[in-house]
Structure formats: C-alpha cells, structure tokens
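> Sharing a structure, written as structure tokens. Questions coming.
2 protein chains.
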Amino acid sequence: MSTDEVADKMSATNIADEANKQGTVEGGKPHKKPEKKEKERKDQKMAAKSKPASNPQQAKNKASEPQLIGITCKKSEDLAEWYQQVILKGEMLEFTDVPGCYVYLPGSYKIWEFIQVFFNERIQKMKVKNCYFPLFITEANLQREKDHIEGFAAEVAWVTEGGKNKLEKKLAVRPTSETAMYSYYSKKIRSHRDLPLKLNQWNNVVRWEFKHPMPFIRSREFLWQEGHTAHLTEQEAGKEVLEILDHYAAIYEDLLAVPVVKGKKTANEQFPGAHYTTTIEGFIPAVGRGIQAATSHCLGQHFANMFDITVEDPNQEVKEGEARNKLKVWQNSWGFTTRSIGVMILTHGDDKGLVIPPRVADVQVVLMPVGVTAKTTLDTKEKLYNEVDELRRSLEDANVRVECDYREGYSPGYKFNDWEMKGVPLRLEFGPKDSANGVVTTSRRDQAEGKARGTIQVSEIATEVPKLLETIQADMFKKASDEYASRRKLVREWKDFVPTLNAKNVVVVPHCTGGPCEDEIKKDSSGQQEGQEVDARAPSMGAKSLCIPAAQPEELAQGTKCVNPKCGQEAKMWVMFGRSY
Amino acid sequence: MSTDEVADKMSATNIADEANKQGTVEGGKPHKKPEKKEKERKDQKMAAKSKPASNPQQAKNKASEPQLIGITCKKSEDLAEWYQQVILKGEMLEFTDVPGCYVYLPGSYKIWEFIQVFFNERIQKMKVKNCYFPLFITEANLQREKDHIEGFAAEVAWVTEGGKNKLEKKLAVRPTSETAMYSYYSKKIRSHRDLPLKLNQWNNVVRWEFKHPMPFIRSREFLWQEGHTAHLTEQEAGKEVLEILDHYAAIYEDLLAVPVVKGKKTANEQFPGAHYTTTIEGFIPAVGRGIQAATSHCLGQHFANMFDITVEDPNQEVKEGEARNKLKVWQNSWGFTTRSIGVMILTHGDDKGLVIPPRVADVQVVLMPVGVTAKTTLDTKEKLYNEVDELRRSLEDANVRVECDYREGYSPGYKFNDWEMKGVPLRLEFGPKDSANGVVTTSRRDQAEGKARGTIQVSEIATEVPKLLETIQADMFKKASDEYASRRKLVREWKDFVPTLNAKNVVVVPHCTGGPCEDEIKKDSSGQQEGQEVDARAPSMGAKSLCIPAAQPEELAQGTKCVNPKCGQEAKMWVMFGRSY
Chain A
2 MSTDEVADKM SATNIADEAN KQGTVEGGKP HKKPEKKEKE RKDQKMAAKS
52 KPASNPQQAK NKASEPQLIG ITCKKSEDLA EWYQQVILKG EMLEFTDVPG
102 CYVYLPGSYK IWEFIQVFFN ERIQKMKVKN CYFPLFITEA NLQREKDHIE
152 GFAAEVAWVT EGGKNKLEKK LAVRPTSETA MYSYYSKKIR SHRDLPLKLN
202 QWNNVVRWEF KHPMPFIRSR EFLWQEGHTA HLTEQEAGKE VLEILDHYAA
252 IYEDLLAVPV VKGKKTANEQ FPGAHYTTTI EGFIPAVGRG IQAATSHCLG
302 QHFANMFDIT VEDPNQEVKE GEARNKLKVW QNSWGFTTRS IGVMILTHGD
352 DKGLVIPPRV ADVQVVLMPV GVTAKTTLDT KEKLYNEVDE LRRSLEDANV
402 RVECDYREGY SPGYKFNDWE MKGVPLRLEF GPKDSANGVV TTSRRDQAEG
452 KARGTIQVSE IATEVPKLLE TIQADMFKKA SDEYASRRKL VREWKDFVPT
502 LNAKNVVVVP HCTGGPCEDE IKKDSSGQQE GQEVDARAPS MGAKSLCIPA
552 AQPEELAQGT KCVNPKCGQE AKMWVMFGRS Y
Chain B
2 MSTDEVADKM SATNIADEAN KQGTVEGGKP HKKPEKKEKE RKDQKMAAKS
52 KPASNPQQAK NKASEPQLIG ITCKKSEDLA EWYQQVILKG EMLEFTDVPG
102 CYVYLPGSYK IWEFIQVFFN ERIQKMKVKN CYFPLFITEA NLQREKDHIE
152 GFAAEVAWVT EGGKNKLEKK LAVRPTSETA MYSYYSKKIR SHRDLPLKLN
202 QWNNVVRWEF KHPMPFIRSR EFLWQEGHTA HLTEQEAGKE VLEILDHYAA
252 IYEDLLAVPV VKGKKTANEQ FPGAHYTTTI EGFIPAVGRG IQAATSHCLG
302 QHFANMFDIT VEDPNQEVKE GEARNKLKVW QNSWGFTTRS IGVMILTHGD
352 DKGLVIPPRV ADVQVVLMPV GVTAKTTLDT KEKLYNEVDE LRRSLEDANV
402 RVECDYREGY SPGYKFNDWE MKGVPLRLEF GPKDSANGVV TTSRRDQAEG
452 KARGTIQVSE IATEVPKLLE TIQADMFKKA SDEYASRRKL VREWKDFVPT
502 LNAKNVVVVP HCTGGPCEDE IKKDSSGQQE GQEVDARAPS MGAKSLCIPA
552 AQPEELAQGT KCVNPKCGQE AKMWVMFGRS Y
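Below, the structure is given as structure tokens:
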C-alpha cells in the first residue's frame, strides 16, 4: 500500500479531514486539468463563501442584497464540521491539493507574526541569536543519534531527485534540526569561552505523518521556532529549559488567552533523544481532549556524545604538563509551532465563528457608520462619515488596530455577521443618534447577546477602548481557564478513570510513572468499556499520560498505589492522563 | 552521471566551492563516523578559527597569548579565497555536508531581519498582507503554465518518499510559488470587489542548480520574500511593479549601501511566464561582473489564463438580461533574496574582512577600555570600566547598538583585528588619557589607516556617534556608487566591446533588443578574443544583457545600428551588457 493510500485510509475516520471533504484525495486517480464547471460545483459544495457571490444568476438580478452564509452548524454538535467552516469562512486557512499541507492566510499568519515578535523579544534578552540552517539533512547526519532517528524515521520526507536526475544520496527534509545543527556546534565550540551557545531559528519542518491531518493541529508541514543551546553545566541547561517553558506558557496565556498546565513528560512520552522533556498541555473542552501545546527539552549529553561536542574543564586544578579533562556540553532544544493557532481557535470560537483575543487580532476594532438610510441627506451622511474618520484617527493615535467598514450595498446585519465570523473582538457603531449623544455603541465579540453591548463617551474613546480590549482579553482567558480547571479531575481509583474521561475531562491520578503501565492504561481506557455508557461522538482512543504537573495537586500519602489496578506498584507522582490530539 | 557527480565536476572550477574546500564531497564514499583526529586535522586545515584555539599543545602553555589568524589573502588577488575566508572568519555563514546549502549564522541572519522589517513596513503601507503557502507543490500544479515549468524543470528537487514508503505522486519542493498560490487566487477572486489581492510570503525555496554554488550568491536553498498580486487593470499592475522595484533599490542603496541600476530585462532574460520583468542590477568591481540584485515582474494575464482567474467587468454598461464580460486579472510577482547579503559583502569587504554598513550592523559600535597594563591600579581600572559602562548606557539610550569588549587575556591588537574582521563599523576606545581629556577615540572601519581615527567629546557622544554612523553609511554608499558609475562604460562600437569588458567594466551599448542577437554577442564576447590581452583571472564567460536601463544615457540618434556588427538591425535602446554572476 502506498503512503498516500495509507493516509487516505486513515483519514477516512478523521474528525477534520480536508482531503475527503475537498475531494482532493491524492490516490490513484490521474490529476485532471480543472474545468470551470467542476470548479464551480466544488465551490458551491464548499458553500462557505463569505463574500457575496457573483455568479451569472445573481449578476442578472443586481438589486439582490448580498447574502452571507454564516457557520451552519453548532460547535457542540459537530466540532469537526464547525472547525472546518470556522477556519475557512474566517479566512484563517485554505486547503491545497497536497493532503496535510495548508495555506496560512493573512488571518492566521498575522497571529504567528505577533507570536514571533513577543517571543523574539524575550529570547533576545536571554542572548539567544536567530539564524537559519538548511532544509535538507543528509541521511548519514540524521542517523547519528539512535533514539532520535528511531523517533523520526517513519515520518521523514525524502528528496531523491534533482531536476531530471536521481541524487546519489537522498536528502531528508528536516523534521527538526538537532542533527543538522550539531555538526556546527561541534566545530564552533572549542573552549568553555564559546559557551553558552544559544541559537534559534524560525522555519518550516515536515513530518510526513499518517495520522489524521487536521489544520493547524497536525499537519505534514508546519511553521515553528526551534531553539538549540549548549551549556557547560546541567544546572545552567536545566534553568534555561524552564525559562523557555515560562515564555511558551506566556504566549498561550498572555497572548492567545489559552490556559495551559506546565509539567514534565513521562519517559514514554518524551522527545526522541532527550534527557527529559518539559511541556505545557492545553485542553479542548468541546471534546474533552488534552493537547500538547509546546515542549522544552533538556537533551542531556546524548548529542554531545554522538557529535563530539566537548570543552576542557575550566575549573579543574591542573599541574604542570597535565591535560585538562574533556567535558561534554549539556544541550537543550525547544520548539513552539503554528499548532498554537489551532488551539486558540478551538478554545475561543463559537457558533458565530472565530473569536480572536485582542492582543493578537490584526483588526482589534471594526468601526462602522450605522443608521444611514435612503432618507438620510447627503449632508448628514458626510458629517457622520467625517466623525467616524475622526474616531478612527483617535483610536489609531492610541495604538488601536482599527478598520472602518464603509462598504455600500451591504446591510448592517451582513456586515455585523461578517466581522463576527472573522472574530474581531470589538465592534463600534456610530449613527446619527450616537453622534447627537456624543457616544459610540460598543459590541463585544466574546459576550453573549444581551451582555455584549455598551456605550463609550466619544471624548474618552482613546483611553476607554484600549481598556475595554484588555478587559476582553482578560475575560477570555478567565473563561477558558475556569473551564479547563473544572475539567481537570482528581481521580484516585480506576473505577472512576474511564467514566471521568467519557464525561469529557482529563484526569490527574496517582501513578507509578512506568512506561508499560502507561501502555496498559491506554489499552484499558480505549473503546467502549463494559457497563459504561459512552458518548457516541467521543473518541474511542485510549488515554495517554499528558504530563506530570509541576504543580502537584497534593502530597501523595505514603503507600498510595498506582491508579492502574493491574500495576500494583507504588505511585510516585500525580500524573495527568487524557485522551488527546 | 548522477546529479551530484555533475555538481562536483562543475564545482571543481568553482570560484568558491565549499564542497571541494571542505572535503565533504557527497560522491560515492560511505559516510564515516567522524573520528576526533580526522576532525582536528580538518579543522586545522580550515585554519580560520577566529577564537583562540584550545588544543592540547596550547593548553600546556597557558601563558601564550591567543593568536588571531586574520584574512590571509588580498581581495584584489584572489577574490574566491578572500570571500570564503571573510564569510567564515566573519561568522556570516558556515558550510554543511549538503553541497550548495549553507548555514546563515546570526551575523548574516540579523541583516536579513533588518531587511524584513524595512520591507514589511513599506509593503504594509501598500496593503500587502503576509501569509504562508506550502513548501510542496504537486507536479500537475507546477506544470500548469508552460513557459514557467520550462524555466524551472531542470532545477526542481522532488520528494518521492515519505517515511519508508514511496509516494504515489512525487512532490516538488517549491522553486517559487506562482503555481502553488494561483489555485487559491482562482477560488478567492470571485468579483472585482476582491481586487486587488496582494499577498507576500517570507520563505525558503530550492533550486537544484548545477552551476557553481557560491555562498549567498547562488545556493540550492535560499531565503526570500515573494509577493504575488492580482489587479483589475494592466495600468494598476504596472504601477505596483515599479513601486516594488523602488523599494528593492532602497533596500540596497539605503540599507546595504550598495548602488544598483534600475531597468527592464530583455525578452531573453525575463522570468519564465512573465509579461515583462523589471530589475535592479548590481556590480562587483573586484571582478568587473554584473549581478542581478532583485526582480519585479508583471506576469500579465498568462497565469490568469491557465488558472482561470477572472472577474466580471464592473465598468461595462449592461442591458437587461445581458451577461457581463469576463476579464482576466493582471498579475505581478516580485522577489528579493538573501543573495543581497553576498552582494553587500563583496562590495564593501576589504583585506581585513567584513565591512558592515551601520544601518544593518547588529553591533554598530564596539566600545573598549584600553591602556590598562600590569601597572594600572585596580582603582584606576575600576573607575575606567565604570566610565565605559556609562558611555555604553548613553549610547544605548541614543538607540545605538553597542557592545563592550571587556575580555581579559587578549591584547588590544587581537581585539581590534577580531572586530575589524567582523566588520563592526565603528570602534570607540577609552583609556585613562581619554578619560582625563574627556574624549573617546573613534576608529572608522570604512576608512584606510591614517584617515580612520578621530575623537568625540564624551559630553556629545549621544548625538555625535549616531551622526558619525550615518556619515559612515553615506560614505560607504558614495564610494561604491562612484566606483560603479566609473565602471559603466558607454560603448558605441563593437571593437571596444570586449576590451572594455576585459578591463572589468560593464558596457552600455546601442542594441536591437533581439534575442538571437544577444546570443551572438554572448558567444562572440566569450573566451580569449584574437589580438586581445586577457587578464588570466578574468572569467572567460560571454556577456549577457543585464538590463535596459530605465535612465537611458542619451537619446539614440536616428539610424543608430545595433552594436553587434553581425546583426545589422537598427538599435532600439541603450542596453547594459556585462559578464555576470
């Protein structure tokens, strides 16, 4: 079976499988030159155009008002369909004819740029420097660390042809750059004076996975940053691992308004070739599944060993003629990916579409003249528009990212829905009545109807709007955070394990932290358990360990057993388990 | 012959072939686990460590002062060797075991980031939005524009395996993204209201070239931005093409202090699939060769045709029931690459190493305490260091990017050479005498010995240093610009054509702009011409048309013939020809 057939097979059960939905399965069918008819049929099937259609039928009937087709299903009823509609109609992402590879449209790419600025500023303070290493890695180089290659072998894409010729030796498209970078580290690091060495790159990586692809969440190509550092001591390396984890958590919590749990991976789940892996774990309430949000690894001395990255011990007392001992360096690597954008969308989006947190919204405020009808005089309209323009300038001067919607021929309802679908956090409306009262009407995207609306004095717009945006940001985080907290259940006994998962929670359990025991738990928590009622839409996958939370819920009582009754070992830590992406 | 063998063969004559120099040729030899001995031998061969070596011999003799091995050859005598030493010792770039693929170290990557900020700001004002399209393009998609695929077929790298499986259909690693993006354009652009559509992406592309690779200048993978826009009218598209060209020229001239000539490509040299190509052309005085600096293309309606990107004519007067005409959109694409960094290095570097223009220097000023000897009291030293630190703060407050060099155990000479090799534009020295006189001693990197040094009052440092940096920037540009102008020769007759090229100039000649005539000129200007004395180091390549300069030197007299005597056609334009990279 070819890889693509495998992918297609597997994606048949996928919760958001674009290949099937778009009919662009790569299988055995010859690629046809697209014909206009077929294209139109496909587009109609996709339904999701947020712009007014301009097909011939409509063109004939010019008076018809543009219709906006919003999100046509509920998040709580069909998350997969909802997610696909939201990212397409919200103009975050587009599918391509390469399954598992997606277009990051300006809507999502801008969020990535905000993340870049935020993170660059923090790592520059840590004296990390940005750089760029090649996309291609030789097979010999990739194989130099055994655990590492074993972890990645199944998902490496290989280039075997250049132009019309076969390459003598095939080249891996980087799945990550440890092996690409550490030959350089070996050469560059000649003395303890060259330490620490701290490099970071923002790039694209490819992991030719055959699990279900899902936009942002699991794709064959994704964007990320990967930091790689070398230190003289384990202690120094360990300190940095946690500093980076804090920055990652800050991106999620302070920028994306998404709560995460900090912790350490169990041996089963750590990065191939790592000494240990720290992680932040997110949660998707709609399905009750955990999701790995970002990881920061201490690689220990494994790669230093294989790549011969050593320095002479600067602290050794040496006698005349005595050589200094060689020390292997301590290395870290840490990565943060575009998956984060998917987590953000899944966390905040609602039945109307996207909800973007203000700090990462390209458009924070949409400002709209309203109340202009066929009976409004041109003078009144001109005056109103000039006032709107003045409001815009005030907001821009206050560093608010604002866009005015002056579009003609669209009803206010259309425009409201359009901006709501795109997730703009705050709408300001300004009509003749508002003008007379010296106020603007506000409408918060994150609040339910009835609680969303308010007014701000025109004279206070430059201070009150930024304040309101920060309130929205904080409220979005609080809501998500409360939800996650309420779904993280302390479970002490196995009998409660699966039912608690089935009720869309993750569980924190006493555990031995052993690998075989984890495998057993995964098996025993999968599928429909006897005597349990299972939500038909709940994934039948088993639960895996998500992390050992840094903040342990309570001290383990002496003699507490592992939650797995088949295990019998003593519990070592509280470990968070869950079904997961 | 395999592609790698071809590459190796060709690179044997290469002016800066890393594969040969490093002995990392990819040929048939099995990859060995690197042994320390072999590694050390190799590193010694490379010689070029700018850091003090810490091999066992030296460790024994701890008192020995670190020796800096500077650039060991002259730019004017062996440009290839000089270039390689300068980029390695200046820590701009590193070679890898994949021929033609390089590491962009922080020294060069930082310049790329300055370019990104500068260009992003300008295109954002033009309402261009950043995004990201996939690395992989299906073969079917790549082939949809005939001229385009013909232009790139020979240099596409193909992925044929994923994990351990063969892919059903191989995937191209993008050489450029026209075909990857325009399926989306076809879907997105439904009405004239969707125009203009202006997207840009910063990414990596691969062109598996078999010409000589040369770091920055011609590599198999490079970084760039590629802008792709669609417009309703040719006029609007054409206006943007030139706006972008102006921005590209500004990156070179205002940031990199490198002069360029704006113009249009002849039909022979335009982008595959373009309607027309505008270009900025640089010049490398050391070899007298032109170099394409960046291009901005109007693609016309070629891709709109193949990808069916049409809108209904909004300006057509339609009668009841009449359908509107379909208009094909007008498209542009424009790209700017990391090649620019190589041009900058080749332009400004000198026998001591890199010279970085202040506006793109990560470290603009290195500040150094001097005059501290074994006889200096600790009090005096501490006072001096505190004063240096205060100077640093003043400079940082004035937004000067400054680094202090407090390294112990290195002579001032070592430090001076080290920073000079890295191209830091301005050195400030501050010793006890300077302190007593209330001045800092300045030393400009861009000026020859004897003219480089001056002083600035400590009290004026926050205004005078930024001013001096701007003077350095302006002087670097003027020097390069004067040089280029003096080497751009107006040539009216064929007899002067080759001798003028051989004297390391480019020529501006009356030309018919015909393709076959250009081919003839290339042939007739290659190799050693009879009766001509040729510089042994001059490339024996023929001259090609570089551009039709936008600023024509003078009006062509009625009846002027093409410079090629075999052609006989009337000259249409002054065309710049040259040997080129």
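Here the protein sequences come in this chain order: A and B. Heads up, my numbering is the position in the first sequence plus 1, with the first residue counted as 1. Heads up, my numbering is the position in the second sequence plus 1, with the first residue counted as 1. All residues carry an ideal CB built from backbone N, CA and C; glycine is no exception. Note that the structure is predicted; figures quoted are calculated from it, not measured.
(1) Please confirm if V104 of chain A has its CB atom under 7 Å from at least one CB of chain B.
(2) In whole angstroms, what separates the C-alpha of A275 of chain A from that of G301 of chain A?
(3) Is K416 of chain B close to chain A? Criterion is C-beta to C-beta, closer than 7 Å.
(4) With 7 Å as the threshold, decide whether the Cβ of Y186 of chain B is near any Cβ in chain A.
(5) Could you tell me whether any Cβ in chain A is nearer than 7 Å to the Cβ of Y133 of chain B?
(6) Between the Cα of K75 of chain B and those of B:W420, B:L347 and B:V403, spot the shortest distance and give me the residue it belongs to.
(7) At which residue ranges does the segment 164–216 of chain A contain complete beta strand (DSSP E) runs of 3 or more residues, listed in the order of the chain?
(8) From the beta carbon of Q164 of chain A, is the nearest beta carbon of chain B less than 7 Å away?
(9) When DSSP labels each residue in this structure, what does P359 of chain A get in the three-state scheme?
(10) For Y253 of chain B, would you say it is in contact with chain A, using Cβ-to-Cβ distances shorter than 7 Å as the test?
(11) Does the CB of K126 of chain B have a neighbour CB from chain A at under 7 Å?
(12) Could you pull out every residue in the same chain whose Cβ sits closer than 7 Å to the Cβ of C548 of chain A, ignoring the five residues on either side in sequence?
(13) Which residues in the same chain have their Cβ closer than 6 Å to the Cβ of L224 of chain B, if we skip the five residues on either side of it in sequence?
(14) So if I threshold CB-CB distances at 8 Å, which residues from the segment 81–104 of chain B count as touching chain A?
(15) With DSSP collapsed to three states, give me the class of M577 of chain B.
(16) With burial defined as no fewer than 16 other Cβ atoms inside 10 Å of the residue's Cβ, what is the status of L89 of chain A: buried or exposed?
(17) Are the CB atoms of I190 of chain B and I310 of chain B nearer to each other than 7 Å?
(18) Can you tell me which of A:D195, A:I285, A:S220 and A:D352 puts its alpha carbon nearest to the alpha carbon of G91 of chain A?
(19) What is the rounded straight-line gap between the Cα of G515 of chain A and the Cα of T278 of chain A?
(20) DSSP three-state call for Y582 of chain A: helix, strand or coil?
(21) Is the number of C-beta pairs between the segment 235–248 of chain B and the segment 460–472 of chain B that are closer than 8 Å three or more?
(22) How big is the Cα-Cα spacing for V366 of chain A and E241 of chain A?
(23) Is any beta-carbon of chain B found at less than 7 Å from that of P433 of chain A?
(24) Is the number of C-beta pairs between the segment 455–462 of chain B and the segment 474–487 of chain B that are closer than 8 Å three or more?
(25) Under the three-state reduction of DSSP, which class applies to L136 of chain B: helix, strand or coil?
(26) Cutting at 8 Å between CB atoms, please list the residues of its own chain near R402 of chain B, excluding the five before and the five after it.
(27) Counting only beta-carbon atoms, is F337 of chain B nearer than 7 Å to chain A?
(28) Contact defined as beta carbons within less than 8 Å: I believe I124 of chain A pairs with I252 of chain A. What is the distance between those atoms, to the nearest angstrom?
(29) Does DSSP classify R445 of chain A as helix, strand or coil?
(30) So what's M585 of chain B in DSSP terms, helix, strand or just coil?
(31) Cβ of K562 of chain A less than 7 Å from any chain B Cβ?
(32) Please list the partners that E404 of chain B has in chain A, where partner means a Cβ-to-Cβ separation under 9 Å.
(33) Straight-line CA distance for R580 of chain B to W495 of chain B?
(34) Could you please tell me which residues of the segment 141–162 of chain B, in chain order, have their CB closer than 9 Å to any CB of chain A?
(35) Are there 16 or more other CB atoms within 10 angstroms of the CB of R408 of chain B, so buried, or fewer, so exposed?
(36) Taking all protein chains shown into account, do 16 or more other C-beta atoms lie within 10 angstroms of the C-beta of P566 of chain B, making it buried, or fewer, making it exposed?
According to the structure data:
(1) With 7 Å as the cut-off, V104 of chain A counts as an interface residue toward chain B.
(2) The alpha-carbon of A275 of chain A is positioned some 7 Å away from that of G301 of chain A.
(3) By this cut-off, K416 of chain B is not an interface position.
(4) Closer than 7 Å to the CB of Y186 of chain B there is not a single CB belonging to chain A.
(5) Yes - at least one Cβ of chain A is within 7 Å of the one on Y133 of chain B.
(6) Comparing Cα positions, the closest option is B:L347.
(7) As far as the segment 164–216 of chain A is concerned, its whole beta strand (DSSP E) runs of at least 3 residues are 166–174 and 198–207.
(8) Going by the sequence as given, residue 164 of chain A is Gly instead of Gln. So, interface residue.
(9) When DSSP states are grouped into helix, strand and coil, P359 of chain A belongs to the helix group.
(10) Not one beta carbon of chain A lies nearer than 7 Å to the beta carbon of Y253 of chain B.
(11) By this cut-off, K126 of chain B is not an interface position.
(12) So the qualifying residues of the chain are V262, G264, K265, K266, T280, E282 and M577.
(13) These residues qualify, in order along the chain: N205 and T339.
(14) Taking 8 Å as the Cβ-Cβ cut-off against chain A, the residues of the segment 81–104 of chain B that qualify are E95, T97, D98, V99, C102, Y103 and V104.
(15) In this structure, DSSP gives M577 of chain B an extended state, which the three-state scheme calls strand.
(16) Label assigned to L89 of chain A: buried.
(17) Their beta carbons are under 7 Å apart, which means I190 of chain B touches I310 of chain B by this criterion.
(18) If we check each option's Cα against that of G91 of chain A, A:D352 comes out closest.
(19) Taking the straight line from one Cα to the other gives about 16 Å.
(20) In the three-state reduction of the DSSP assignment, Y582 of chain A falls in the coil class.
(21) The answer is no - the segment 460–472 of chain B does not touch the segment 235–248 of chain B, with fewer than three Cβ pairs under 8 Å.
(22) Roughly 38 Å between the two C-alpha positions.
(23) Nearest CB-CB separation between P433 of chain A and chain B: not below the 7 Å threshold.
(24) Counting Cβ pairs under 8 Å, fewer than three are found: no touch.
(25) Here L136 of chain B sits in coil by DSSP.
(26) Hits under 8 Å: A362, D363, V364, Q365 and V366.
(27) No Cβ of chain A is located within less than 7 Å of the beta carbon of F337 of chain B.
(28) Actually they do not touch by this definition, with Cβ atoms about 12 Å apart.
(29) Secondary structure at R445 of chain A: strand, using DSSP grouped into helix, strand and coil.
(30) Only positions 2 to 582 of chain B appear in the structure, and residue 585 of chain B is not among them; the question remains open.
(31) By this cut-off, K562 of chain A is not an interface position.
(32) Counting only Cβ-Cβ distances below 9 Å, E404 of chain B has no contacts in chain A at all, with the closest Cβ about 11 Å away.
(33) Using only the alpha carbons, I get a separation of about 16 Å.
(34) From the segment 141–162 of chain B, only A141, N142, R145, A154, A155, E156, V157, A158, W159, V160, T161 and E162 have a Cβ closer than 9 Å to chain A.
(35) With fewer than 16 other Cβ atoms within 10 Å, it is exposed.
(36) Exposed: under 16 other Cβ atoms inside 10 Å.
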